[in-house]
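Order-wise, the sequence lines are chains R and Z. If you're matching positions, the first sequence starts at 1 in the working numbering and goes up one per residue. If you're matching positions, the second sequence starts at 1001 in the working numbering and goes up one per residue. Backbone N, C-alpha and C define an ideal beta-carbon position, used for all residues, glycine too. None of these values were measured; they are calculated from a predicted model. Taking it in order: structure first as structure tokens, then the write-up.
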Amino acid sequence: MKSRKLSMLLAAAIALTAAGCGSSDSNSSGTAPTASSSGTAAGGEAPVSITVNCMPPKTNAAQRATFEEDIAAFQKLYPHITISKATDAFPCYEPRTFEAKLAGGELETVFYVNFPNVGRLMESGQAADLTPYTSELKTFADYNSSLDLFKKDGKVYGLPTDGYGMGLVYNKEVFTKAGLDPNTPPKTWAEVQAAAKKIAGLGAGYVGFGEYSGNNVGGWHFTASLYGRGGSVITDDGTKAAFNTPEGKAVLENLKQMRWADNSMGSRLYIDWPALMKAMGAGKMGMMLGAPDVLIGLRNDFGGKFENYAVTALPEAKSLFNGGAGYMINPKSTPEQIKAGIKWIEYEFLTPGKGQLDYVRAKGADLTVGQPYPDLYGADTPSGQAVNELRKANANIDAAQFAGWVEGSKGIPAKAEPGPYAQEIYKILDTPMSAVLTRQDANIDQLLADAETKVNSLLTSKG
Amino acid sequence: MSTPVADRKQRQPTKRRRSVKRNLTAYGFLCGALICFAFFSWYPMVWEVILSFQQTNFVDPPVWVGLENFRTVFNDPAFAPAWINTALFTLLALLCGYAIPFVIALVLNELRHARAYLRFIVYLPVMLPPAVGVLLFQWFYDPDYGLFNQILGFFSLPGLQWLNSTSTALISLVIVSTWMNLGSGTLIYLAALQTIPSELYEAAELDGAGLFKRIRHVTIPQTKLILLVMLMLQIVATMQVFIEPYLLTGGGPEDATISVVYLMYQYAFNFGNLNAGNALGLMLMIVLMTFSAIYLRLSRDNTV
């Protein structure tokens, strides 16, 4: 028979252990065996071995070097802990292998997860309860609301290490070409429409405003726009859809206006996350929704000319979709491994002046310093102040590129993903997004009503 | 003194042993294939069936939930569009992907010059990795700068939205699929055509049969079995359409290209509901097994 059913492959993925792919053991990455191998430990603590993931890939040599350096320093600081394996598979959270690795005992002790998947992992019991150990974290009390995303029924299941609110990313060079002032980006959706129209008027290939419409990212960006307008995707109790409202309608009408009346969105559909990033990086797109990390992504991964881009506040924003990522711990871990895992997360991602927050080292390694994220701690907390001071003192990028976002987002509350079934809901919301971007006669009221019925049915079935 | 019956009894195990010994190498090779099949196909298939009746997070012990996963899948609003699109895709892909290679094979078979060169040209797309072939079409389909709209424009015809329209997205995927599989189909048909004895055509020509009569009364009956095999294989293959919607449309616009396997992928990897994904996979497997059973039955009837 010519081909096998994909379902067999899915089952194979469970049956087989995802061994070794994209991983390197700690010895090859410069770390040394510690007390655990001798069966004794300094300070009387029992030796424990953990594995971690999201080591920067070899292609990102500078960041990889800092990570390897940190593993060695961490093991020296905690001689009873051995990091026996650091995986560099990219993307760090890969849903296609996650459950296979969990089933096969190959999932790392400390694993990366992006915000849209946090709720699902908590709901399905695929992350360890960290509540009993959080008191050992020195910076725990300083966390801002990003921590809420990792809480369920009063328990903590993970620690955010990267957080930011949504904004409007724009290309300053394109703005200038279109006769727009790059230092006064749009503040209202009407201004976005007008700017997009001017940019599209530059000629063939220019797109004023780019937007997603498929593979769940369409629904994801609908959510970001809806939150900005003060709407919600689901009710507070999570039992019903809440987007069939004037705010939801405004999101789609705005897109319909730009796509069909103004012809400022081009005709290409962007159906996955890299597609829009590639288009933005190519330099002929004026604006897109995006958080400050998009600028670094455009620079590092999509060939964008960094100095051409800036991020400003989301127009007319009433709340900001909270994007970011964090780390959870394998639910099959022992209490000792959980404690050791938390220590690693704290050392590498949460301690001002250490690990990834060591801005002195980052500046020396020619990594970007000065971008206003991760935004993890309250601005008035000791950790928040320390991070901001270190960042400011060592900045090597133009802070003005982020200034509009920093100033414009102040005081606007963050809003989390719409519950544990966010991905299913995003899939449903892809439909109205793709409809308004592909059909001039799209009936927005009908599209929202249909999507509402589907989401309500989904939430009812989930109980 | 031994009886003839006792002799036969004694000889039989010896004969069997000799037969086994003679075929030892063949059995060795067979073992390798069987182990591979068992490990990579049959074992996962059994797991698929088990998982589709369970609820598991791979941390706690699995719970048997009966038909719950099937209910989840059945109540999904994307369930009906996925099956309809898959059926439609299969039908269209058969119409194009079955007939076009056969016609090309007939033409190639009739050619006296440059046959090898043309055969290579036709087979070329098969050599491309599927993802590359599919992504190539992403550019061809671009409504503004794509090759296809440029060609339409050359003939003063209006451009199409291709992947961006609910009315053309599915057929656009069929075109990709047909192009990608054209080479293998053509070669198989060509091989079958070349096995037809030339005397049959000569006799038909002497009887005054024209081209279409020769095709109808000689070519088709002589290639009936291979046509049947290809029909069933194509049904089984095209019903599993995945890479085209995954790479080109993400199931859209408006679920116009969502397929059963794409929905399965969503369940398993994006929604984190591997059990529901397996339930849907089991449904598809039953449908495909039905077609395979029909194929086996028909091919047996034809070979007897």
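query                                                                                                                                                                                            : result
Under 8 Å, CB to CB, which of the residues in the segment 1265-1283 of chain Z have a partner in chain R?                                                                                        : Tyr1265, Gln1266, Ala1268, Phe1269, Asn1270, Phe1271, Gly1272, Leu1274, Gly1277, Asn1278, Leu1280, Gly1281 and Leu1282
Given a limit of 8 Å on CB to CB distance, which residues of the segment 1155-1182 of chain Z reach chain R?                                                                                     : Gln1161, Leu1163, Asn1164, Ser1165 and Thr1166
Go to Phe1120 of chain Z, then tell me how far its beta strand (DSSP E) extends in each direction, as first and last residue.                                                                    : Not the beta strand (DSSP E): Phe1120 of chain Z falls in the alpha helix (DSSP H), residues Arg1115 to Met1127.
Answer yes if the segment 406-416 of chain R comes into contact with the segment 1211-1224 of chain Z, meaning at least three C-beta pairs across the two stretches below 8 Å, and no otherwise. : no
What's the C-alpha gap between His529 of chain R and Val52 of chain R?                                                                                                                           : This structure cannot settle anything about residue 529 of chain R, because the visible part of chain R is limited to 1 through 463.
Taking 8 Å as the CB-CB cut-off, is Pro1081 of chain Z touching chain R?                                                                                                                         : no
Taking Asn114 of chain R as part of the beta strand (DSSP E), name the residues at either end of that continuous run.                                                                            : Val110 to Asn114
Going by other Cβ atoms of all chains shown within 10 Å of its Cβ, with 16 needed for buried, is Thr235 of chain R buried or exposed?                                                            : exposed
Closer than 8 Å between beta carbons: that is the criterion. Which residues of the segment 398-427 of chain R meet it against chain Z?                                                           : Tyr421, Gln423, Glu424 and Lys427
Is it the case that the segment 1123-1134 of chain Z contacts the segment 1188-1204 of chain Z, given that we only count it when at least three CB pairs across the two stretches are under 8 Å? : no
To the nearest angstrom, report how far apart Tyr1201 of chain Z and Ile1171 of chain Z are at their CA atoms.                                                                                   : 37 Å
Classify Gly154 of chain R: buried if its beta carbon has 16 or more other beta carbons within 10 angstroms, exposed otherwise.                                                                  : exposed
Which residues does DSSP pair with Tyr309 of chain R in a beta bridge?                                                                                                                           : R:Asn171
Can you name the residues that DSSP bridges to Asn322 of chain R?                                                                                                                                : R:Gly165
Where does Lys1224 of chain Z fall in DSSP's three states?                                                                                                                                       : helix
Could you pull the start and end residues of the beta strand (DSSP E) that Thr431 of chain R belongs to?                                                                                         : Unbroken run through Thr431 of chain R is the alpha helix (DSSP H), Ala422 to Thr438; no beta strand (DSSP E).
Which first and last residues belong to the alpha helix (DSSP H) in which Val1073 of chain Z is found?                                                                                           : Glu1068 to Asn1075
Would you call the segment 256-265 of chain R and the segment 170-181 of chain R in contact, with 3 or more CB pairs under 8 Å?                                                                  : no
So, using beta-carbon positions, are Glu99 of chain R and Leu1274 of chain Z closer together than 8 Å?                                                                                           : yes
Quick check: what's the CA-CA separation for Asp148 of chain R versus Gly290 of chain R?                                                                                                         : 22 Å
Identify the continuous beta strand (DSSP E) that holds Ala86 of chain R and give its terminal residues.                                                                                         : Ile81 to Thr87
Tell me, please, which residues DSSP counts as bridged to Tyr143 of chain R.                                                                                                                     : R:Tyr377
Skipping 5 residues on each side, what residues in its chain have a beta carbon closer than 6 Å to that of Tyr206 of chain R?                                                                    : Ile199, Ala200 and Lys284
Looking at the structure shown, is Pro1044 of chain Z part of a helix, part of a strand, or coil, going by DSSP?                                                                                 : helix
Which residue comes first and which comes last in the alpha helix (DSSP H) that contains Ile296 of chain R?                                                                                      : Asp293 to Asp301
Of the residues R:Thr453, R:Met166, R:Ala422 and R:Asn322, which one's Cα is nearest the Cα of Leu121 of chain R?                                                                                : R:Ala422
Helix, strand or coil: which one does DSSP assign to Ala41 of chain R?                                                                                                                           : Model confidence at Ala41 of chain R stands at a pLDDT of 46, short of 50, so the residue's coordinates are unreliable; what they give is reported in the following sentence. Coil, per DSSP.
Are the C-beta atoms of Ser7 of chain R and some chain Z residue less than 8 Å apart?                                                                                                            : Residue placement at Ser7 of chain R cannot be trusted, given a pLDDT of 47 that sits under 50; the coordinates are not used to answer.
So Thr1086 of chain Z and Val1260 of chain Z are in contact, right, with Cβ under 8 Å, and what is the actual spacing, rounded?                                                                  : 5 Å
Got a sec, what are the start and stop residues for the beta strand (DSSP E) Ile1196 of chain Z sits in?                                                                                         : Premise fails: Ile1196 of chain Z is in no beta strand (DSSP E) and is neither H nor E.
How many whole angstroms separate the CB atoms of Ala414 of chain R and Leu320 of chain R, which I take to be in contact at a CB cut-off of 8 Å?                                                 : 5 Å
Please compile the residues from chain B whose C-beta is within a distance smaller than 7 Å of the C-beta of Glu1254 of chain Z.                                                                 : As a matter of chain content, chain B is missing from the structure shown, whose protein chains are R and Z.
Would you check if the distance between the CB atom of Tyr309 of chain R and the CB atom of Tyr164 of chain R is smaller than 8 Å?                                                               : no
Quick one: grab the DSSP three-state call for Met1239 of chain Z.                                                                                                                                : coil
What does a CB cutoff of less than 6 Å around Val169 of chain R pick up in its chain, not counting 5 residues either side in sequence?                                                           : Met288, Gly290, Val294 and Val311
Taking the alpha carbon of Leu1248 of chain Z as the reference point, which residue from Z:Val1126, Z:Leu1163 and Z:Leu1206 has its own alpha carbon closest?                                    : Z:Leu1163
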